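**Student:**
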Amino acid sequence: MIKYQKAINIINKVSLNLAEEKISTLDSLNRVCAKSILSPTKNPLSNNTAFDGFALLAKETRGLSRSKVKKFKILKSIGAGDNPKIKNYQKNSSVEIMTGAAIPKPFDSIMPVEKAKYFPSKKKATHIIVDHEIKKFSFIRFAGEDFKLKDLVIEKGELIQPKHIMALTTLGIKDLYVKKNPKIIFFGTGNEIVDFKKKKISSWQVRNSNNHYFMSFGKNLHYQIIDGGVIKDNQQKRLREKLRKTLRSDIDIFVTSGAISAGKFDFIPELIKKLGFKTYFKGVSIKPGRPIMLSKFKKKEKLFFGLPGNPISCAAGFRFFIYPLLRNSLGMLKEKKFKAKLVNKYSKRKDFTHFARCSINVNSKGSTELRVLSEQQSHRIKSFAKANCWGIFPSGKSQFKSGDIIEWCPLIPSS
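Positions 0 to 414 (numbering that gives the first Met the number 0) are the ones given, in order, by the sequence shown.
1. Check L148 in the structure and name its three-state DSSP category.
2. Quick test of your reading: I7 and F280, contact by CB under 8 Å. State the CB separation rounded to the nearest angstrom.
3. At what residues does the alpha helix (DSSP H) containing P323 begin and finish?
4. Below 7 Å between beta carbons: does that hold for D51 and M97?
5. Which of the three DSSP states, helix, strand or coil, is assigned to F138?
6. Which term fits W389, buried or exposed, when burial requires 16 or more other beta carbons within 10 angstroms of its beta carbon?
7. Enumerate in chain order the residues of its own chain whose CB-to-CB distance from F213 is below 6 Å, with the five nearest sequence positions on each side excluded.
8. Under a three-way DSSP split, which group does G227 fall into?
9. Could you spell out the range, first to last residue, of the alpha helix (DSSP H) harbouring V68?
10. Look at P327 and S377 and say whether their C-beta atoms are less than 7 Å apart.
11. Is DSSP giving T278 helix, strand or coil here?
12. Is L325 closer than 7 Å to P181 when the C-beta atoms are compared?
13. Let me check one thing: in DSSP terms, what residues is Q398 bridge-paired to?
14. Report buried or exposed for W407, applying the criterion of at least 16 other Cβ atoms within 10 angstroms of its Cβ.
15. Mind checking whether F416 and N46 have CB atoms under 7 Å apart?
16. How would you label T367, buried or exposed, when you count the other beta carbons within 10 angstroms and need 16 or more for buried?
17. Going by beta carbon distance, what residues of the same chain come within less than 6 Å of T278, once the five residues before and after it are set aside?
18. Can you name the residues that DSSP bridges to K21?
19. Spatial neighbours of H211 within its chain, please: C-beta separation below 7 Å, excluding the five flanking residues on both sides.
20. Pick helix, strand or coil for N91, following the three-state DSSP scheme.
21. Do the region 52 to 59 and the region 133 to 148 make contact, defined as three or more Cβ pairs closer than 8 Å?
22. Find out if the Cβ-Cβ distance for the pair L302, I250 is shorter than 7 Å.
23. Hey, T24 and K173 are a contact pair by Cβ (cut 8 Å); roughly how many whole angstroms apart?
24. With H, G and I counted as helix, E and B as strand and the rest as coil, what does DSSP make of A384?
25. Pull up the CB-CB distance for G257 and G187, whole angstroms please, since I reckon it's below 8 Å.
26. Alpha carbon to alpha carbon, how far is A384 from C357?
27. Give the secondary structure of A54 by DSSP, where H, G and I count as helix, E and B as strand, and everything else as coil.
28. Can S27 and V152 be called in contact, C-beta distance under 7 Å?
29. How many Å lie between N16 and I183 at the Cα?
30. Rounding to the nearest angstrom, what Cα-Cα distance links S35 and K333 in this structure?
31. Between which residues of its own chain and A166 is the CB-CB distance below 6 Å, once the five residues before and five after are set aside?
32. Sort V361, M0, Y322, P323 by Cα distance to L341 and report the nearest one.
33. Can you tell me whether I200 is buried or exposed, with buried defined as 16 or more other CB within 10 angstroms of its CB?
34. Indicate whether E59 and N29 have their beta-carbon atoms separated by less than 7 Å.
35. Going by alpha carbons, who is nearest to F146 out of T168, G156, E157?
36. Please state whether the Cβ-Cβ distance between M0 and S397 is less than 7 Å.
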């Protein structure tokens, strides 16, 4: 049995080398960017106005005051999307201009419409009257102040989100390279597992939750997940044939729950070995989920994870082993953990890392507090349903008291 950090170090080394593919920007949501994207143009393309108003040359307003006013002839009106060019510029002229419209040369400043005084009247205005100095570049949005040419838009390894789609389409980027979405197949195992839809079950049976949790967790993160069903303890040949068949497919990761410990019906380790997988670890000093196994197929770029059968152990296996491996395989940065002040004491084995079901809350003073929930056994689901995060209690310490600063992460990562 190895330490959790050593298992993570192994995961970092054996992660998959997922291929890249070129796709449309409009199809790239929730995919991982495979090549950093630089802006092919500047944005905005030209100076434009931040307000409805009148474009002026600031130098022509120098010295103006309530006692010294000047009339400026209105040459035309320009709206957003209009061609801003003017051919008839004259000294002491102005252009009525709407928010977002490009500013024609030689104008360099905007006077907001609220400050305009019209001549001879607002309805039949031919001029505006200015009675104060206009500061140069007032209310101007400058060309390239948002994106300059070759500015970084999305960095390699970033998950593409709606905010990125806004930037990409604004800059006219039609397609981009992303990492191939990992394809994962999940098999439950055990004679005790029955369909969750079954109304009445025997006292020795358990409704299937692992397959459905795994599927929903993976789909929430936009991975390609295949439900391989449940393999009974006497169906080892069936699982072997299924695995052999899928080894010839484009599936990247095989996952099972149950049958990996050291009991009479724990047949997975021997089966995986016969199929040509090299095992990197079997058993990690964690709770829940100690009987966890990682192997790699010797002939192809494919991985196998054996997760425990208890529901919470299975959930912890996905969250703290498979998910970090997927991030690494996709070229993403390591997931950032958060920290909070523990509000109740917690005890554990000193040499084990614990992933505890917890609730995170912000108190009236604005401080983040972490509470370890009761009922932490790996078969108990009620506390998991109440939790909103995992508290991470590292090895090397057995007693944690109120006020200790503890790392935590959401039950399901946001990205």
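Note that the Cβ used here is the ideal one computed from N, Cα and C, for glycine as well. These numbers were taken from a predicted model, which means no experiment stands behind them.
**Tutor:** Inspection of the coordinates gives the following:
1. coil
2. No, I7 and F280 are not in contact; Cβ-Cβ is about 11 Å, not under 8 Å.
3. 322 to 328
4. yes
5. coil
6. buried
7. F185
8. strand
9. No alpha helix (DSSP H) contains V68, which DSSP labels as neither H nor E.
10. It is worth fixing the name first, because residue 327 is Asn in this sequence and not Pro. No, they are not a contact pair.
11. strand
12. yes
13. S346
14. buried
15. The shown model of the chain, from 0 to 414, leaves out residue 416, and the question about it has no answer.
16. exposed
17. S294
18. Y176
19. F195
20. coil
21. yes
22. no
23. 6 Å
24. helix
25. 7 Å
26. 10 Å
27. strand
28. no
29. 15 Å
30. 17 Å
31. V152
32. V361
33. exposed
34. no
35. T168
36. no
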